[in-house]
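Enquirer:
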């Protein structure tokens with residue numbers, strides 16, 4: 034995507050699930066594009082205007098932690114839980130301009146695989162990101178999403194919890210005001226994250242619903 038001046042403002046590749054017309058039909062040949070595992074730190078920050086780090090109000094954000102306060106490998110339990118309601122997730126999904134009936138039509142979905150409407154994955158990401166404020170309050174801008182997986186479905190009535198691991202702490206070339214944290218955020222349903230649930234054997238813990246890897250900018 035570009036702005037009115039022709040400058041790139043968004044560049045992404047995404048995977049989508051497409052329903053097969055004939056469920057018995059064989060899948061087409063696999064084609065997986067060659068993509069980097071993560072963006073390099075020197076590719077970040079162009080969309081963030083210069084800020085005055087000395088004027089950053091940590092009293093207003095509620096936490097004093099800046100770039101140098103985080104270490105690689107650190108795990109953060111975001112503690113709070115957020116219960117999802119039917120009306121709330123439908124309103125949010127409309128705002129995302131998603132019209133898929135699996136999120137809205139209880140008449141058809143009540144007869145489907147799950148017997149109820151499915152919470153839109155973008156709403157799950159939004160909930161996990163909002164919960165991460167407790168521990169990452171000053172990480173104010175998502176600069177890039179490296180990858181992620183919607184591990185399991187979420188339904189109204191479930192309560193979402195989250196925890197994060199710091200994968201990288203980087204300074205940005207030409208920027209002395211902000212740096213970047215590479216963050217892996219794990220969201221769960223109906224399971225607090227004090228013990229940082231992730232894997233159970235070779236597979237994900239049954240409570241895990243989201244595994245998201247992204248870069249966020251934070252004052253230095």
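Residue numbers (the numbering used here): 34 to 253. The beta carbon of each residue, even a glycine, is placed where N, CA and C say it ideally should be.
1) Less than 7 Å between the beta carbons of residue 111 and residue 164, yes or no?
2) Expressed to the nearest angstrom, what Euclidean distance is found between the alpha-carbon atoms of residue 169 and residue 63?
3) Of all the options 247, 237, 210, which has the alpha carbon lying nearest to the alpha carbon of residue 81?
4) Would you mind reading off the limits of the beta strand (DSSP E) that contains residue 192?
5) Are the segment 151 to 160 and the segment 183 to 194 touching by the rule of at least three beta carbon pairs closer than 8 Å?
6) Would you kindly report the start and end of the unbroken beta strand (DSSP E) that includes residue 88?
7) Can you tell me the Cβ-Cβ gap for residue 250 and residue 78, rounded? I've got them flagged as a contact below 8 Å.
8) Does the beta-carbon of residue 120 have 16 or more other beta-carbons within 10 angstroms, so that it is buried, or is it exposed?
9) So which of 252, 142, 243 has the shortest CA-CA distance to residue 220?
10) Helix or strand or just coil, what does DSSP make of residue 144?
11) What does residue 241 pair with, by DSSP beta-bridge criteria?
12) Nearest CA to the CA of residue 222: which residue from 141, 216, 113, 181?
13) Exposed or buried, residue 38, counting other C-beta atoms within 10 Å across all chains shown (16 or more means buried)?
14) Which same chain residues end up closer than 7 Å to residue 97 when comparing Cβ atoms and leaving out the 5 residues on each side of it in sequence?
15) Under DSSP, the beta strand (DSSP E) around residue 254 begins and ends at which residues?
16) With residue 199 and residue 105 assumed to form a contact (beta carbons below 8 Å), what rounded beta-carbon distance in angstroms separates them?
17) Looking at the unbroken alpha helix (DSSP H) that takes in residue 158, where does it start and where does it end?
18) Residues in the same chain with beta-carbon distance under 7 Å from residue 35, minus the five sequence neighbours each way, listed in chain order, please.
19) Does DSSP classify residue 213 as helix, strand or coil?
Expert: In short, the structure shows the following:
1) yes
2) 38 Å
3) 210
4) 192 to 204
5) yes
6) Per DSSP, residue 88 belongs to no beta strand (DSSP E) and is neither H nor E.
7) 7 Å
8) exposed
9) 243
10) coil
11) 221
12) 113
13) exposed
14) 91
15) Since the displayed the chain opens at 34 and closes at 253, residue 254 lies outside it and no answer follows.
16) 6 Å
17) 154 to 164
18) 41, 42
19) strand
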